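K.L.:
Sequence order for the protein chains is A, B, C and D. The first sequence begins at 1 in UniProt numbering and counts up by one. The second sequence begins at 1 in UniProt numbering and counts up by one. The third sequence begins at 1 in UniProt numbering and counts up by one. The fourth sequence begins at 1 in UniProt numbering and counts up by one. Don't be surprised by glycine CBs; every beta carbon is placed ideally from N, CA and C. Since this is a predicted model, take the numbers as computed values, not measurements.
Number of protein chains: 4
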Amino acid sequence: MGKLEDNKKRKKEALFHTAFELFTTKGINKTAVSDIVDRAGVAKGTFYLYFKDKYDIRNKLITHKANELFGMASASVEKAALNDFEDKVIYIVDFIIDQLTKNPPLMNFIAKNLSWGVFKTALSQPADEGGSIFYDKFMEMIQNDSHHYDHPDIMLFTIVELTSATCFPTILEASPVTIGEFKPYLHRAIRAILYANRGD
Amino acid sequence: MGKLEDNKKRKKEALFHTAFELFTTKGINKTAVSDIVDRAGVAKGTFYLYFKDKYDIRNKLITHKANELFGMASASVEKAALNDFEDKVIYIVDFIIDQLTKNPPLMNFIAKNLSWGVFKTALSQPADEGGSIFYDKFMEMIQNDSHHYDHPDIMLFTIVELTSATCFPTILEASPVTIGEFKPYLHRAIRAILYANRGD
Amino acid sequence: MGKLEDNKKRKKEALFHTAFELFTTKGINKTAVSDIVDRAGVAKGTFYLYFKDKYDIRNKLITHKANELFGMASASVEKAALNDFEDKVIYIVDFIIDQLTKNPPLMNFIAKNLSWGVFKTALSQPADEGGSIFYDKFMEMIQNDSHHYDHPDIMLFTIVELTSATCFPTILEASPVTIGEFKPYLHRAIRAILYANRGD
Amino acid sequence: MGKLEDNKKRKKEALFHTAFELFTTKGINKTAVSDIVDRAGVAKGTFYLYFKDKYDIRNKLITHKANELFGMASASVEKAALNDFEDKVIYIVDFIIDQLTKNPPLMNFIAKNLSWGVFKTALSQPADEGGSIFYDKFMEMIQNDSHHYDHPDIMLFTIVELTSATCFPTILEASPVTIGEFKPYLHRAIRAILYANRGD
DNA sequence: GATGAATGAGCATTCATTCAT
DNA sequence: CATGAATGAATGCTCATTCAT
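1) Go through its chain and collect everything with a Cβ distance to B:THR25's Cβ below 8 Å, but skip five positions before and after it.
2) Would you mind sorting B:LYS11 into buried or exposed? The rule is 16 or more other CB atoms within 10 Å of its CB.
3) Ignoring anything shorter than 4 residues or poking outside the region 81 to 137 of chain B, list the alpha helix (DSSP H) runs there in chain order.
4) Anyone know if the C-beta pair for C:LYS88 and C:MET141 falls short of 8 Å?
5) What residue range does the alpha helix (DSSP H) around D:ASP35 cover?
6) For residue 208 of chain D and C:ASP94, I'd like the C-alpha separation in whole angstroms.
7) Mind checking whether A:ARG188 and B:ALA196 have CB atoms under 8 Å apart?
8) Considering just the uninterrupted stretch of the alpha helix (DSSP H) at D:SER175, what are its terminal residues?
9) State the Cα-Cα distance for the pair A:PRO176 and B:PHE168, rounded to the nearest angstrom.
10) Restricting to Cα atoms, I'd like to know which of A:HIS147, A:GLU5 and A:THR18 is closest to A:ALA40.
11) Measuring alpha carbon to alpha carbon, tell me which residue in C:LEU186, C:GLY199, C:ASP200 and C:ARG198 is nearest D:LEU194.
12) Going by DSSP, what residue range makes up the alpha helix (DSSP H) through D:TYR149?
13) Which partner residues does A:ARG198 have in the DSSP bridge list?
14) Excluding the five sequence neighbours on either side, which residues of its own chain have a C-beta within less than 7 Å of the C-beta of C:TYR149, listed in chain order?
15) Answer yes or no: does any C-beta atom of chain A fall closer than 8 Å to that of B:PRO176?
16) Just to confirm the assignment, what range does the alpha helix (DSSP H) spanning D:LYS44 have?
17) Counting contacts by CB-CB distance shorter than 8 Å, is D:LEU82 in contact with chain C?
18) By Cβ distance below 7 Å, which residues in the same chain neighbour C:GLU86 in space, the five residues on each side in sequence not counted?
19) Please compile the residues from chain A whose C-beta is within a distance smaller than 8 Å of the C-beta of B:ALA192.
20) Inspect the beta-carbon positions of C:TYR55 and C:LEU15 and report whether they are closer than 8 Å.
21) Hey, is C:PHE182 close to the ligand COA, as in C-beta under 7 Å from one of its heavy atoms?
22) Given that D:PRO152 touches chain C, what residues does it touch there, using C-beta distances under 9 Å?
23) B:PHE47 and B:VAL37: beta carbons closer than 8 Å?
24) From the DSSP output, in three-state form, read off D:ILE28 for me.
25) Quick one: Cα of A:LYS161 to Cα of A:TRP116, how far?
26) To be precise: take each residue of the region 37 to 71 of chain C, compare its Cβ to all Cβ atoms of chain D, and keep it if any distance is under 9 Å. Which residues remain?
27) So is residue 201 of chain D in contact with chain C if we call contact Cβ pairs under 8 Å?
28) Applying a beta-carbon distance threshold of less than 9 Å, which residues of chain D neighbour C:PRO105?
29) Can you tell me whether C:ASP53 is helix, strand or coil according to DSSP?
30) Just the chain C side, please: which residues come within less than 7 Å of D:LEU123 by C-beta, in chain order?
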């Protein structure tokens, strides 16, 4: 029993892992299902046993990776023991930027496939079994802050979009400037947005 | 000769126009070169006479459309006779949002294909023969303002990315809020960014 | 044991029944063994425990259904208490046409899969346990008639083929006329064939 | 020009011819488009240039073959110089039976794919360029006969269905009797049907 | 007996690109 | 310049069948 279940899980994970590898190196359009199964050492039919098609595995991959990333950021910010909400936001943004800078394939993959919808979904799920939900944590941080914010969700949306939209080209292509050069401007912009949304 | 030249131009424009129509309705992946030439009433070989491949015509299309849009914005802001740079930026942003809101196919097309690189290219070309260059105009506006800005290009980049990243989901999917609801927040964010970048 | 036996029978019958349902709605080519077992709530392997393949279950299904139909016709004609053989034949033909008209899926299934060989086989088996054999009954009717027929089997073949060949398109597609309009012509043709085969 | 046109026609005919060969030997289900193009010495894409799919070429093939057959029958009956309509019908039926008996693959192909709809279509087209239409000729024969028939089209339908339904098993499987043994019974049945439909 | 995960051969179909006319 | 017939590699997907549990 355990054997069978293990085997199932192993195959599914092999596909998952291999797909990520190929999507990040060759791109989705250039990756054929054949490529994935060949490299995963699994029969073609097995792929369709676990995923509807190429786009199904892609979506699951994005959700999974985004979730992982925010889970880590969440855990890290707690250890950092910051008091100010503003500082926490900047900390999280920097944490994620650092992770992505270290991992260009992941960056690339996310850059080309992320949408707010997918993102929101990922953020609203536990990072892994037993893990807590990023979105809830974020809202909690806001509640505990000394300042009050009028529409925290719209503010979050604005910050997330600004950050991702500006980080992709700066990290991946250093255009128009490198991420290092851009960071101070990003911090400044985020602080400005937070300040502008204060309701007190 | 004039006739022949006309004919040439007409075919190229037919392809250009038809490609836009199909890209915006079916998406690029689902649009085959055959579809384009069939509808344009041109032979398949003719397509390859004018464009390298599907992606070539797409890039030219984006550049063209983005340019057209900013050309209009540019012309409009001049007529509006605003003194303040801040007001001009908001005006331009609103102008473009209005245009895109009225034209969802265009919005969709741009949303799925825009990158800062393409964008920059488009902004650095004359909108049409005889038209002036948007980027230059923008820089001129900054110079003439009573305030001084430290790195106008990075600031422009930040604003452009923030605007496009937040407008696509709000216009196209009204998610997380409609563009109407989001606009005040966008204005506030943009003004905050401008303020934060002032060097005086 | 009884329980076990019951379970076995139930599974086989579930497969049998489900297959008929799917064959008549989707057609045989479009029905996969997976479809059958899924809907029957049985494992895939179980299918192969009872049937060689898709075509095996189809043949068994046709035999079963044809047999059922003729068994009913046979029982009905006896109750009708007709003296004349000619009248009995017409009665049976009408009975079957009525049944098929009421049950288009069955009609469709039979129309697409019937062959004289299968048919003959079905007619030569008891309709169900304890039931008598249609073919034998038919021959008995002929013997008891006041007229003599030279080659009753060839005559039966001729009538069966004529009837089925003309009923399928008229019932299913009302082409070239509806079954209602065609019936008098069919009766006339059958009577003519019977008359032509009389040996006295 | 002529060269190009010729080439086109040659390819299409190669596909047509090869498909018939394979359909009659392996059956349609077991014939892959690959088989057809391989043997026809044509690229796979070329097949889809001329036919929508496997079933498209099959339908065109049936129409073509049925038409050819009836065209020949039609030409032959005219030479035979028979006066009586009844004799002409029997002559045509025999002619076609002879042709099919000589050509079992054709018989097989038609047997498995014929439907009254397809048949009617085929009969209502000129056999080849310049050829006349079988259906019209048939109706003309009836007009010129000394007898009057009430519904010639229903009668034709009845005879065609009876003939095809009984000939297929007798020719192909000699079941329940050989075509040779069955012929007199068929003639008798047809004459009976004709007689039964006379309106005078 | 029963299960259902795994298989992988097999197939239809698409489409960018070429090149003889 | 323009054409459009021909190509054939590429690919997504299905499904009958097996077999370890």
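P.N.:
Taking the definition as stated:
1) Excluding residues within five positions, the ones whose Cβ falls inside 8 Å are PRO105.
2) By the neighbour-count rule (16 or more Cβ atoms within 10 Å), B:LYS11 is buried.
3) Within the region 81 to 137 of chain B, the runs of alpha helix (DSSP H) at least 4 residues long that lie entirely inside it are, in chain order, 85 to 102, 104 to 113 and 116 to 123.
4) The Cβ-Cβ distance between C:LYS88 and C:MET141 falls below 8 Å.
5) Run containing D:ASP35: 33 to 40, per the alpha helix (DSSP H) assignment.
6) Since the first and last residues shown for chain D are 1 and 200, residue 208 of chain D lies out of range.
7) For A:ARG188 and B:ALA196, yes; Cβs fall inside 8 Å.
8) Counting along the chain, D:SER175 falls outside any alpha helix (DSSP H), and DSSP gives it neither H nor E.
9) Going by C-alpha positions, A:PRO176 is about 22 Å away from B:PHE168.
10) Of the listed residues, the one whose Cα sits closest to A:ALA40 is A:THR18.
11) Residue C:LEU186 is the option with its Cα nearest to D:LEU194.
12) Counted as a single uninterrupted DSSP element, the stretch harbouring D:TYR149 is not any alpha helix (DSSP H), since DSSP gives it neither H nor E.
13) DSSP lists A:TYR149 as the beta-bridge partner residues of A:ARG198.
14) Within the same chain, ILE142, MET155, ASN197, ARG198 and GLY199 come within 7 Å of C:TYR149 by CB-CB distance, once the 5 residues on both sides are set aside.
15) B:PRO176 counts as touching chain A.
16) From DSSP, the alpha helix (DSSP H) with D:LYS44 extends over 44 to 50.
17) It does not; no Cβ of chain C falls within 8 Å.
18) Same-chain partners within the cutoff: ARG191 and LEU194.
19) Among the residues of chain A, those whose CB is under 8 Å from the CB of B:ALA192 are ALA189, ALA192, ILE193, TYR195 and ALA196, following chain order.
20) Not in contact: C:TYR55 and C:LEU15 (Cβ atoms no closer than 8 Å).
21) Absence of the ligand COA from the depicted structure is noted, as is the absence of any ligand whatsoever, leaving it without description.
22) Below the 9 Å Cβ cutoff, chain C contributes no neighbours of D:PRO152, its closest Cβ being approximately 11 Å away.
23) In this structure, the beta-carbon distance from B:PHE47 to B:VAL37 falls below 8 Å.
24) Of the three classes helix, strand and coil, the one that applies to D:ILE28 here is coil, per DSSP.
25) Before going on, a small fix: residue 161 of chain A reads as Glu here, not Lys. About 8 Å.
26) Listed in sequence order: no entries.
27) With chain D covering only 1 through 200, there is no way to say anything about residue 201 of chain D.
28) Chain D residues near C:PRO105: none, gap ~19 Å exceeds 9 Å.
29) In the three-state reduction of the DSSP assignment, C:ASP53 falls in the coil class, being assigned neither a helical nor a strand state.
30) For D:LEU123, none of the residues of chain C pass the 7 Å Cβ criterion, the least Cβ distance being about 12 Å.
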